[in-house]
């Protein structure tokens, strides 16, 4: 059932429960309404729109059956106390003595609504209307029940019947308009409210709902006029101002929305206005501006954990660390089992470079928590970065034993082994992961690349082919296979197809462009390969392998000076000694040719590279 319809039903029932006067007419008789005597409750107050019903002739109380009056009084008392079961019993007893009392049927229907007995409530309303078609309270409840049951046409008909009798019936007009909106009949909803405000121009609620119907119809200018009219009629009508502000938000007039909300907040410290202001500022990442409003919301409801978490995160974002720690610590005192808050506190300590405190908080997150994997990875990263690699590895191995289905644990542990130049251990870790995740693309690619690094090319190719079987569009696997086959002189046609596909999928990737250029070089398409390799270098000019490939192409094309300059740069950016030595040898060879041909002096060397680069044996 729709939330709007629930609201209509609840509101209509409440309105009808509160309707009536000091004496209620039942089948031409009168019962005292004692609800106002019970602890100062306001049951029994009459609304202006219901005075047509109330204005009927009221017989004296002497005519009413004493027993029926007693049960009616008891029923009202139980209803006021919030005891619908006993109220239902007493209303039924009332009807035993006065079966034609339409008001009692309406009150009974209202108690059925409270119990969720909607079918019984509907039948009871129909009984009331069968006795007295002018029983507006019963008709309003019935209309609300129809709306709740998605029988909008029937609901609208009942609301219209009320309005024909009483055109100033505020609730009937409002709920009819809402039912029309729910049915997608926006123009009819607008017409309903326009008619009503002509009849009742001093109804702030009427103007407000006219604004809402325009708002729902995206007629923002008309909506603004109606909302402002509601505010003119009732200057303290906060909800109209809030709705106007929200409409400005929807129409991307954020500054106007904030101005409205601030007007409301400055006048009344309304929490809803503060919430909207804070929400806008948070979306705009204006965290400092949001703080006073978040603090106001927190102060208004100290149990609002969500706002406190937001406030703590904003303090953290604005580097107001002491306040952030205070917020999260207080939250943990009240909610010691909140893993998310504990994670936030750990993150806060991490932000402050308090490694020990951060790790301690992360370790308190239990293995059955959704935050466990992220907490472990943060703790292990902090340990690794603080030089405690062994402790970090132990952290990860412990995590794997507790949560073996978390693939990131294996990948992180393998990366630590690789960083420590223990590639066999990294491979062993990934093989464990592979048994659990045989189709995990990251595991297959990482494992294949490590086998290649160990010189076990065939195993590396096998993993990459398996990866491509799992995902035929995995560009990294295509690139690896195609480049390796090209270097080995195998499957060159397939390699070319893979690289062309990869180039289409990632046209601006320097490594794939380099592979394609090298493939063209191997296939003897020298001119084309130079163009492609130059493009690769323009994308990434600090990658030694790409520079080396371009240097090789220049050398093959007898562009020795270009080859020399390119090799020189490749040596300068090389990170591995082995790679640097290989390129340096090519550089020395080209230099010898250039010196022999008199194109450079014998003193020209690669010594112009940065001083941080180690000299090569060729020098």
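In this note's numbering, the protein residues as written are 5 to 623. The beta carbon of each residue, even a glycine, is placed where N, CA and C say it ideally should be.
- Per the C-alpha coordinates, the member of 543, 587 and 577 positioned closest to residue 559 is 587.
- Annotation: residue 71 to residue 251 spans about 55 angstroms, alpha carbon to alpha carbon.
- Taking C-beta separations shorter than 7 angstroms and ignoring five residues to either side along the sequence, the partners of residue 524 in its chain run 532, 533 and 536, following chain order.
- For the pair of segments examined, the segment 429–437 was found to touch the segment 449–465: the number of CB pairs separated by less than 8 angstroms reaches three.
- Each residue's CA atom was taken as its position, placing residue 363 and residue 480 some 35 angstroms apart.
- About 7 angstroms separates the Cβ atoms of residue 169 and residue 140, confirming a contact at the 8 angstroms cut-off.
- Taking 9 angstroms as the cut-off, the beta carbon of residue 200 is found no closer than this to the beta carbon of residue 230.
- With respect to residue 264, residue 313 sits apart: the two C-beta atoms are not nearer than 9 angstroms.
- Here residue 312 carries a helix assignment [DSSP, helix/strand/coil].
- In the DSSP annotation of this structure, the continuous segment of the alpha helix (DSSP H) that includes residue 564 starts and ends at 564–577.
- Spanning the alpha carbons of residue 89 and residue 350 requires a straight line of approximately 52 angstroms.
- Remark: C-beta atoms of residue 578 and residue 584 approach each other more closely than 9 angstroms.
- For residue 513, the secondary structure class from DSSP, reduced to helix, strand or coil, is coil.
- In this structure, the alpha-carbon of residue 574 lies about 31 angstroms from that of residue 429.
- Nearest C-alpha to residue 520 among 484, 546 and 138: 484.
- In this structure, residue 158 sits away from residue 178, with a CB-CB distance that is not shorter than 9 angstroms.
- For residue 371, there is no enclosing alpha helix (DSSP H), as DSSP gives it neither H nor E.
- In the three-state scheme derived from DSSP, where H, G and I count as helix and E and B as strand, residue 324 is classed as coil.
- Pairing residue 126 with residue 153, the inter-Cα distance amounts to about 10 angstroms.
- Just so you know, the alpha carbons of residue 540 and residue 438 end up roughly 34 angstroms apart.
- Comparing alpha-carbon positions, the option among 204, 407 and 121 lying closest to residue 380 turns out to be 407.
- Given a length threshold of 3 residues, the segment 222–262 has no whole run of the beta strand (DSSP E) inside it.
- Apart from the 5 residues on each side of it in sequence, residue 197 sits with its Cβ closer than 6 angstroms to the Cβ of 181, 213, 214 and 217 in its chain, given in chain order.
- Residue 187 sits in coil when the DSSP states are folded into three classes, being neither helix nor strand.
- Taking 4 residues as the shortest admissible run, the segment 92–119 contains the following complete alpha helix (DSSP H) segments, listed from N- to C-terminal end: 106–119.
- Beta-carbon to beta-carbon, residue 498 and residue 465 are separated by about 12 angstroms, too far to satisfy the 8 angstroms threshold.
- Rounded to the nearest angstrom, the gap between the Cα atoms of residue 254 and residue 80 is 45 angstroms.
- Under the 10 Å beta carbon count, residue 595 is surrounded by 16 or more other beta carbons and is classified as buried.
- Note on residue 186: 16 or more other CB atoms within 10 angstroms of its CB, so buried under the neighbour-count rule.
- Its chain contains 281, 282, 285, 286 and 318 as the residues whose beta carbon lies nearer than 8 angstroms to that of residue 294, once the 5 sequence neighbours on both sides are disregarded; these appear in chain order.
- Taking 9 angstroms as the cut-off, the Cβ atoms of residue 235 and residue 227 do not count as close.
- The DSSP assignment places 343–355 and 359–367 as complete runs of the alpha helix (DSSP H) inside the segment 339–378, in order along the chain (cut-off: 4 residues).
- Taking C-alpha positions only, residue 112 is separated from residue 119 by approximately 11 angstroms.
- By a beta-carbon distance limit of 8 angstroms, residue 106 contacts residue 135. Their separation comes to about 4 angstroms.
- Counting every other CB atom within 10 Å of its CB across the protein chains shown gives residue 151 a total of 16 or more, marking it as buried.
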